[in-house]
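**Q** Residue numbers (our numbering), protein chains in the order written: chain A, 1 to 215; chain B, 216 to 430.
Number of protein chains: 2
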Amino acid sequence: MEIRRADKIAELLEQALFAGQYQDGERLDEIKLAEQFEVSRTPIREALQVLVSSGLAEQIPRRGVFVRQPGPVELMEMFETMAELEASCGRLAATRISESGLAQLVEANVKCQQAIENSDHDTYYLENEKFHQIIYRGAANSYLEKQALQLQNKLRAYRKMQLRFRGRMDQSMAEHLEIVAALQGEDAERAAHVLRSHVAVQGEKFHRLLASLKN
Amino acid sequence: MEIRRADKIAELLEQALFAGQYQDGERLDEIKLAEQFEVSRTPIREALQVLVSSGLAEQIPRRGVFVRQPGPVELMEMFETMAELEASCGRLAATRISESGLAQLVEANVKCQQAIENSDHDTYYLENEKFHQIIYRGAANSYLEKQALQLQNKLRAYRKMQLRFRGRMDQSMAEHLEIVAALQGEDAERAAHVLRSHVAVQGEKFHRLLASLKN
DNA sequence: GTCAAATTTATTGTATACAAGAATGGAAGC
DNA sequence: GCTTCCATTCTTGTATACAATAAATTTGAC
Chain A
1 MEIRRADKIA
11 ELLEQALFAG
21 QYQDGERLDE
31 IKLAEQFEVS
41 RTPIREALQV
51 LVSSGLAEQI
61 PRRGVFVRQP
71 GPVELMEMFE
81 TMAELEASCG
91 RLAATRISES
101 GLAQLVEANV
111 KCQQAIENSD
121 HDTYYLENEK
131 FHQIIYRGAA
141 NSYLEKQALQ
151 LQNKLRAYRK
161 MQLRFRGRMD
171 QSMAEHLEIV
181 AALQGEDAER
191 AAHVLRSHVA
201 VQGEKFHRLL
211 ASLKN
Chain B
216 MEIRRADKIA
226 ELLEQALFAG
236 QYQDGERLDE
246 IKLAEQFEVS
256 RTPIREALQV
266 LVSSGLAEQI
276 PRRGVFVRQP
286 GPVELMEMFE
296 TMAELEASCG
306 RLAATRISES
316 GLAQLVEANV
326 KCQQAIENSD
336 HDTYYLENEK
346 FHQIIYRGAA
356 NSYLEKQALQ
366 LQNKLRAYRK
376 MQLRFRGRMD
386 QSMAEHLEIV
396 AALQGEDAER
406 AAHVLRSHVA
416 VQGEKFHRLL
426 ASLKN
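(1) I want to verify the contact list: residues of chain A whose CB lies under 7 Å from the CB of residue 296 of chain B, in sequence order.
(2) Where do the ends of the beta strand (DSSP E) carrying residue 279 of chain B lie?
(3) Run down chain B in chain order and give the residues with a C-beta less than 8 Å from the C-beta of residue 53 of chain A.
(4) Please list the residues of the segment 275-286 of chain B that have a C-beta atom closer than 9 Å to any C-beta atom in chain A, keeping them in chain order.
(5) Mind reading off the beta-carbon distance from residue 282 of chain B to residue 237 of chain B? Whole number of angstroms is fine, and I expect it under 8 Å.
(6) Measuring CB to CB, does residue 138 of chain A end up less than 8 Å from residue 97 of chain A?
(7) Might you give, ordered along the chain, the residues of its own chain that have their beta carbon closer than 8 Å to the beta carbon of residue 149 of chain A, omitting 5 neighbours on each side?
(8) Residue 58 of chain A by DSSP, collapsed to three states: which one?
(9) Out of B:388, B:343, B:272 and B:231, which has the shortest C-alpha to C-alpha gap to residue 452 of chain B?
(10) When the Cα atoms are used, what is the spatial distance from residue 142 of chain A to residue 292 of chain B?
(11) Kindly identify the DSSP beta-bridge partner or partners of residue 27 of chain A.
(12) Which residues in chain B sit within 7 Å of residue 4 of chain A, going by Cβ to Cβ distance?
(13) For residue 84 of chain A, would you say it is in contact with chain B, using Cβ-to-Cβ distances shorter than 8 Å as the test?
(14) Output, in chain order, the set of chain B residues within a Cβ distance shorter than 7 Å of residue 78 of chain A.
(15) Closer than 9 Å between beta carbons: that is the criterion. Which residues of the segment 238-261 of chain B meet it against chain A?
(16) Below 8 Å on C-beta distance, what does residue 289 of chain B contact in chain A?
(17) Give a yes or no on contact between the segment 312-329 of chain B and the segment 287-304 of chain B, applying the rule of three or more CB pairs nearer than 8 Å.
(18) Only counting the same chain, and skipping five residues up and downstream in sequence, which positions put a Cβ closer than 7 Å to that of residue 83 of chain A?
(19) Would the beta-carbon of residue 330 of chain B fall within 8 Å of that of residue 346 of chain B?
(20) Rounded to the nearest angstrom, what separates residue 58 of chain A and residue 156 of chain A at their Cα positions?
(21) At a CB-CB cut-off below 9 Å, which residues of chain B make contact with residue 197 of chain A?
(22) Within 10 Å of its beta-carbon, does residue 295 of chain B have 16 or more other beta-carbons around it, so buried, or fewer, so exposed?
(23) Using beta carbons (cut-off 8 Å, strictly below), is residue 313 of chain B in contact with chain A?
(24) Which residue's Cα is closest to the Cα of residue 289 of chain B: A:48, A:91, A:74 and A:140?
(25) Considering only the beta carbon of each residue, do residue 279 of chain B and residue 256 of chain B sit closer than 8 Å?
(26) Does the ligand MG have a heavy atom nearer than 7 Å to the CB of residue 108 of chain A?
(27) At a Cβ threshold of 8 Å, is residue 387 of chain B touching chain A?
(28) Go through its chain and collect everything with a Cβ distance to residue 18 of chain A's Cβ below 6 Å, but skip five positions before and after it.
(29) Using a Cβ-Cβ distance under 8 Å, would residue 119 of chain A count as near chain B?
(30) Which term fits residue 369 of chain B, buried or exposed, when burial requires 16 or more other beta carbons within 10 angstroms of its beta carbon?
(31) So, helix, strand or coil for residue 109 of chain A, using DSSP?
(32) Mapping the DSSP letters down to three states, classify residue 186 of chain A as helix, strand or coil.
(33) Which class does residue 301 of chain B belong to by DSSP, given the choice of helix, strand or coil?
(34) I'd like the list of long-range same chain contacts for residue 254 of chain B, defined as Cβ closer than 6 Å, with 5 residues on each side in sequence excluded.
(35) Does residue 224 of chain B pass the burial test, meaning 16 or more other C-beta atoms within 10 Å, or should it be called exposed?
(36) At the level of alpha carbons, what is the spacing between residue 244 of chain B and residue 218 of chain B?
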């Protein structure tokens, strides 16, 4: 359990937002939330500030804080930015990742493959995420790593939809193998390129994402 | 003037931090700051949260918030990340920037050149910043643009040092011309490459040295 | 004299009270 | 019936009071 109630509440609110429990533009009523969490307005306000600073909500002075769900355009922009960040991580990791890092990547891929064979979506998703995180780490730039992790976190909910599509997991696995090959060969440009298109949402994927948003 | 006192205070504190008025690790005393700004602890606390969430300070629960000036390693990491972000912006801008955007770039360069001839460092700095911001905008991805602007803002104080070196401004100008040429030619890779090395401060070698020291 | 435990002090975190601006609703005017 | 202005109500922002925990200091034992 957290030490500060405000932190715990921020976390819970974040989860609730990701779970879609609030409409876009909805006002987050301090008093109602205070009653709901059985605390005073003070920790609620601090929690709301956290949401605002992470972009999940917007604050209008003397008006309140409002839920801010990304629309399709912003979502695309976030995916594109994620693709660029991953490409950067890949480029840097190509010459910096350790042997142990490479081994971890291979291991994560094995677990991904197993998950596919068992049709275990959750495990696949988890190991896939881990795979990418190893690359962030491999870039040996903790600032960049943090940025990548943050955006990965923001996109988690939407990424999950993506993977549900038939055949996506198999293709994704093939790309993972190519990424590992590029990193092993210390081919920075190739690593960057493959990662970028692996993450990017283009063509068919884009339409599928839009379609899934409407539901 | 801001509507919320907390916002105004956050801004002032940020400036004070950038101006180096606080030591690294120094505790930001809520009560002292409250007296200093002649407000209660409440707006001070909200302002401190802003600093924490932007990474300028660190909060340790029930201990307080402490100034967190980036050390040489983190600074390098931030510059490297900036270089990657700029490269991404350049890549995207190559095929997306408008004619008017290109014209603005040329115009900014002219003003930069004039500033060099007048030895007007401040103007040079301002127009140089503007030049880069036009490229962020040219990427036509407002999320990425915001990320780039944020990091540019964080690095402002340190970037200023960089430019003081003799001959740096001339070299920088030459690189600007090359960047514009790449964008005009819609050469995404070249734009990315030139921008990356334009922004990157120290070389790969130095970073590798630092990184290897950590392991 | 030194170390440890307990008490005091100081500081953060939370609750509540108050102030000020924004939204709402109704009455007056057209 | 519609609009406008005013009063009321509601909500946020700030101040202050209280609670809880960490730091500091004192006191006692060895």
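Where is the CB? At the ideal position from N, CA and C, for every residue including glycine.
**A** Quick answer:
(1) 141, 143, 144 and 147
(2) 279-282
(3) 264, 265, 268 and 269
(4) 276, 277 and 285
(5) 5 Å
(6) yes
(7) 133 and 136
(8) strand
(9) Here chain B has residues from 216 to 430 only, and residue 452 of chain B is not among them.
(10) 7 Å
(11) A:66
(12) 276
(13) yes
(14) 358
(15) 257, 260 and 261
(16) 142 and 143
(17) no
(18) 196, 199 and 200
(19) no
(20) 20 Å
(21) Residues of chain B passing the Cβ test: none, with the nearest at roughly 13 Å.
(22) buried
(23) no
(24) A:140
(25) no
(26) In terms of ligand content, the structure shown is empty, and the ligand MG therefore cannot be addressed.
(27) no
(28) 157
(29) no
(30) buried
(31) helix
(32) coil
(33) helix
(34) 220
(35) buried
(36) 24 Å
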